[in-house]
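Data block below; observations after.
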Amino acid sequence: MVEDKENVANGEQVSKKGAKKQAKAAKKAEQKAENASAAAANNAGGDSAEDHAAGRYGLSEMIQSKDKRSERNFVPVHELSGQLGTAGLVWVRGRVHTSRAKGKQCFLILRQQSSTVQCILAVGDIISKQMVKFAGNIPKESIIDIQAKPVAVSSKIESCTEQSLELCVEQIFVISQAKPQLPLQIEDASRPENADDADGLNIRVNQDTRLDNRVLDLRTPANQAIFRLEAGVCRLFRDILTEQGFTEIHTPKIISAASEGGANVFTVSYFKDSAYLAQSPQLYKQMAIAADFDKVYTVGAVFRAEDSNTHRHLTEFVGLDLEMAFKYHYHEVLHTIGNTFTAIFKGLRDKYAREIESVGQQYKVDAFKFLEPPLILQFAEGVAMLREAGVETGDEEDLSTPNEKLLGRLVKAKYDTDFYILDKFPLAIRPFYTMPDPNNPVYSNSYDMFMRGEEILSGAQRIHDPEYLMERAKHHGIDTSKIAAYIESFRYGCPPHAGGGIGMERVVMLYLGLDNIRKTSMFPRDPKRLTP
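Number 540 in our numbering belongs to position 467 of the sequence shown; there are no gaps in the numbering.
What follows is the structure, given as structure tokens:
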């Protein structure tokens, strides 16, 4: 009996301890539930339940041309100043250049090509805290649509091209979201390359990184300007020549024999035979002259299989070529080409000042100087100037790159021009179709044109007599059977003619004074680069 009483007492003691433990656990669970409930309530109140801006921001569905949205009035960034003082809202599409959210505000810089504008979102009747947070988290380079009101600012916004206004955003939608991690930052790729600035940020994006990620690199203001100016060169070239009665033609790039002779040619498989990529449209320009087109030009790809890894060589570039019949002297053509260059330089100076200024914000751009009419020197005069400067070079020796540059500096110092023409090159260093100088067989009726001491055009009077052309082709070791159609075209009568070929990328590089031709080739091809 005593034992039974002890067991009952022990049981009651265990039961009381268990109940106490259970009560403690229950209270803890209740407290946890309350905390979770409070957190959920807070979240609901802060992120969605009370988001009065819902529907005014977010990720847009993929555009598949389902709706036209013609009611949206989109305004280019550079025209926003014209909207100041109006009561209406505008739509703007652009890229997120930078964004910074702090507290109840988000400052965002919208970039549209080379134009930038500051946008602001502030929590209020229209903008919610969640909308501000969303805007601040949009990855850089994402494309967005915003609806906003342009508002004048009291002090200039130095970091934007639109300095007199900002956009007060009311709606923001992501049209195309960029990856959060970019292989290069546009701000870094846009930094001024000023070696003299000791206080500047020493952050540089190297050339290979730029070219490997060319789509991003091309978004910098300087690159946007370079390639718009390059388009300007082509437009001016076409317009100037068309006004003078030239006809644009298009020539084949797959040919049966090397255009210039020699080994610097790409061979391609052509069904059961081999063919070549054209080193020049030269032969076809001449055939067009023989066909009575009188004055022709062409703009197209040129291929050179030269294993040259220099600042000015590409294996594929854009050629601006022209050919023209003349009456008695090839200088009729030489002056036409020289004056065309003068007109291009004036057109770039007068019509593309904004682009030149944009390039100058990143690279050092010295104003390009030229004379009107252009300076013309004979090859022998150039050799004499080099010898006076202490350079030993032969009378029939082609100019090396260092000698070209030195002669350019000597000409600039003496004549104050960055553009000049060198006439009467030695015959031995020119192509087979070049007409020899009738007064001195050592020289030829050929010429080069130079910008800042580098060649940008090579040209000459062409041989238009078929028998003489055959003789010169054999002298150069060219299989005349492969150019039979070319030679045959002169057997039906052909006027005397001359012309030249211009490297477009070089013209832009040297006009702006840039240090590498890859800066002026959108997707450059050289011996080590075949992509992107």
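Using N, Cα and C, we set each Cβ at its ideal position, and we do this for glycine too. Please read these numbers as outputs of a predicted model, since none were measured by experiment.
Given that a residue counts as buried once 16 or more other Cβ atoms are within 10 Å of its Cβ, and exposed if not, what is residue i?
i, result
"S473", "exposed"
"A113", "Unreliable placement is indicated for A113, whose pLDDT of 42 sits below 50; no coordinate value is reported for it."
"K592", "buried"
"P265", "exposed"
"Y343", "exposed"
"E461", "exposed"
"I327", "exposed"
"D552", "exposed"
"N116", "Any reading at N116 must be qualified, since the residue scores a pLDDT of 44, below 50, and its modelled position is unreliable; the value itself is stated next. Flag for N116 reads exposed."
"G197", "exposed"
"F596", "exposed"
"I200", "buried"
"D439", "exposed"
"V406", "buried"
"L603", "exposed"
"M135", "exposed"
"H402", "exposed"
"S110", "Low per-residue confidence applies at S110: pLDDT is 43, beneath 50, and the placement is therefore not dependable, though the value from the model is reported in the following sentence. When all chains shown are included, S110 counts as exposed."
"H537", "buried"
"F147", "exposed"
"D346", "exposed"
"H570", "buried"
"Y617", "Residue 617 is absent from the structure shown; the chain starts at 74 and stops at 605."
"V87", "Legend: pLDDT at V87 = 48, less than 50; position of this residue unreliable, value from coordinates given subsequently. Per the 10 Å Cβ criterion, exposed."
"E235", "buried"
"E445", "exposed"
"D290", "buried"
"S353", "buried"
"G118", "The predicted position of G118 is uncertain, since its pLDDT is 42 and thus under 50; a value taken from the coordinates is nonetheless stated next. Per the 10 Å Cβ criterion, exposed."
In the DSSP assignment, find the beta strand (DSSP E) that holds residue i and state where it starts and stops.
i, result
"C567", "Careful: C567 lies outside any beta strand (DSSP E) and carries neither H nor E."
"D496", "492-496"
"D140", "Taken as a continuous stretch (DSSP letters only), D140 belongs to no beta strand (DSSP E), as it is neither H nor E."
"Y343", "340-343"
"P452", "A quick correction: the sequence has Phe, not Pro, at residue 452. Run containing F452: none in the beta strand (DSSP E); it sits in the alpha helix (DSSP H), 452-461."
"V306", "Run containing V306: none in the beta strand (DSSP E); it sits in the alpha helix (DSSP H), 294-316."
"R130", "The question names Arg, but residue 130 in the sequence shown is Tyr. Element bounds for Y130: 130-132."
"A374", "368-376"
"A348", "346-350"
"Y520", "519-524"
Do you know whose CA, among the options, lies nearest residue i's CA?
i, options, result
"R535", "L393, Q359, G566, G392", "Q359"
"A251", "T171, Y565, C179", "T171"
"M522", "T553, F443, A486", "F443"
"C179", "I211, S154, Q156, A160", "I211"
"D261", "D491, R283, C241", "R283"
"K485", "L500, R525, Y559", "R525"
"E243", "E470, V165, N286, Q280", "V165"
"K206", "E214, N589, G131, V306", "G131"
"Y425", "L309, D491, L587", "L309"
"L162", "P256, D218, A374", "D218"
"S232", "L480, R564, C192", "C192"
"L450", "F492, V288, N382", "F492"
For the alpha helix (DSSP H) holding residue i, just list the boundary residues, first then last.
i, result
"T474", "474-488"
"Y401", "No alpha helix (DSSP H) contains Y401, which DSSP labels as neither H nor E."
"E527", "Note, E527: premise wrong, no alpha helix (DSSP H); beta strand (DSSP E) at 527-534."
"Q359", "355-363"
"R602", "Where R602 is concerned, there is no enclosing alpha helix (DSSP H), given that its DSSP letter is neither H nor E."
"L426", "Per the sequence shown, the amino acid found at residue 426 is Ala instead of Leu. Per DSSP, A426 belongs to the alpha helix (DSSP H) from 426-433."
"S291", "One point to set straight first is that residue 291 is Leu, not Ser, in the sequence displayed. Here L291 belongs to no alpha helix (DSSP H), and DSSP marks it neither H nor E."
"G209", "202-209"
"M577", "577-585"
Just to confirm, does residue i get its C-beta within under 7 angstroms of one of the non-hydrogen atoms of the ligand COA?
i, result
"N337", "In the structure on display, the ligand COA does not appear, and there are no ligands present to speak of."
Quick one: complete alpha helix (DSSP H) runs, 4+ long, within the region 211-287?
259-262, 280-285
Does the structure place the region 423-431 close enough to the region 381-399 that three or more beta carbon pairs sit under 8 angstroms?
no
Take every Cβ of the region 446-459, pair it with every Cβ of the region 529-549, and state whether three or more of those distances are shorter than 8 angstroms.
no
Meets three-Cβ-pair contact criterion under 8 angstroms: the region 575-589 and the region 545-560
no
Counting beta carbon pairs with one atom in the region 367-384 and one in the region 393-411, are three or more of them shorter than 8 angstroms?
yes
Is the region 148-157 touching the region 214-231 in the sense that three or more CB pairs, one from each, lie closer than 8 angstroms?
yes
Counting only runs of 3+ residues fully inside the region 151-199, write out the beta strand (DSSP E) ranges in chain order.
163-175, 178-185, 188-195
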